[in-house]
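> In the working numbering, the protein residues as written are 206 to 341. Note that CB positions come from ideal geometry on N, CA and C, so glycine has one too. Below are the structure tokens for one structure; questions will follow.
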Amino acid sequence: MHTWGQDPNTTPDQISRIAGEFSQARILMAHSLHGWWDDAIELARKFEHVYCELCAAHYTGGVIQKFVEAGIEDKVLYGSDLPWLDPMDIIDVWYPYDSTDEQDPPNRVRYRVIADLDADSVSSTSSPQPPVKPAG
């Protein structure tokens, strides 16, 4: 579901109503209600079947940290908005985290994203290949 903060067609109340009504459907909030991060967190916590997605998160600093601090890192998925945005720009939102411990919450998101990006999924773009997971 395309969600962009302050879009009158996808408000947090509307998403909550839809999630409540369609409890068997997995709902991916594309852009995670961009700008309404707290509402996205609340919805991801409230509904087991509602997930956040990261395309365009690089426009706003600290989004991953906010999701991690809220404890929803396992409900955050990668999204690039390809062909409009470079997939590597989205991966860049993790570079402030210098831990290589796979169990650190930001890295659980990062490594899941990198594992999902194989060379074939990126090679058709002009983007460089995804970063290699640190050894250790």
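#1: Verify the contact flag: Gln229, CB atom, against every heavy atom of the ligand GDP, threshold strictly below 6 Å.
#2: Under three-state DSSP, which class holds Tyr256?
#3: Quick check on Ser237: buried or exposed, where buried means 16 or more other Cβ atoms within 10 Å of its Cβ?
#4: Going by DSSP in three states, Trp241 sits in which element: helix, strand or coil?
#5: DSSP three-state call for Ile277: helix, strand or coil?
#6: According to DSSP, is Leu233 helix, strand or coil?
#7: Could you give the distance in angstroms between the alpha-carbon of Val268 and the alpha-carbon of His239?
#8: In three-state DSSP terms, what is Ile282?
#9: Quick one: measure Cβ to Cβ for Met234 and Ile220, integer angstroms, because I've assumed they're closer than 8 Å.
#10: Evaluate contact between the segment 274 to 289 and the segment 247 to 262, counting only Cβ atoms and requiring at least three cross-stretch pairs below 8 Å.
#11: Taking buried to mean at least 16 other C-beta atoms within 10 Å of its own C-beta, is Tyr264 buried or exposed?
#12: Bridge partners of Trp209, per DSSP?
#13: Classify Ala261 as helix, strand or coil using the three-state DSSP reduction.
#14: CB-CB under 6 Å to Ala224, same chain, minus the five flanking residues each way: which ones, in chain order?
Put simply:
#1: The model depicted lacks the ligand GDP and carries no ligand whatsoever.
#2: Look at Tyr256 here: in three-state DSSP terms it is strand.
#3: Around the beta carbon of Ser237, 16 or more other beta carbons lie within 10 angstroms, which makes this residue buried.
#4: Here DSSP, grouped into helix, strand and coil, assigns Trp241 to coil.
#5: Looking at Ile277 - three-state DSSP - the assignment turns out to be coil, as it is neither helix nor strand.
#6: DSSP, read as helix, strand or coil, puts Leu233 in strand.
#7: Near 10 Å, if we compare the C-alpha coordinates of His239 and Val268.
#8: The question names Ile, but residue 282 in the sequence shown is Leu. Under the three-state reduction of DSSP, Leu282 is assigned to strand.
#9: Rounded, the Cβ-Cβ distance is 7 Å, consistent with contact.
#10: Yes: the two stretches touch, three or more of their Cβ pairs being nearer than 8 Å.
#11: So Tyr264 ends up on the exposed side.
#12: Beta-bridge pairing links Trp209 to His239.
#13: If DSSP states are grouped into helix, strand and coil, Ala261 belongs with coil.
#14: Here Ala224 has Ile232, Phe252 and Val255 as same chain residues with Cβ atoms under 6 Å from its own Cβ, once five neighbours each way along the sequence are excluded.
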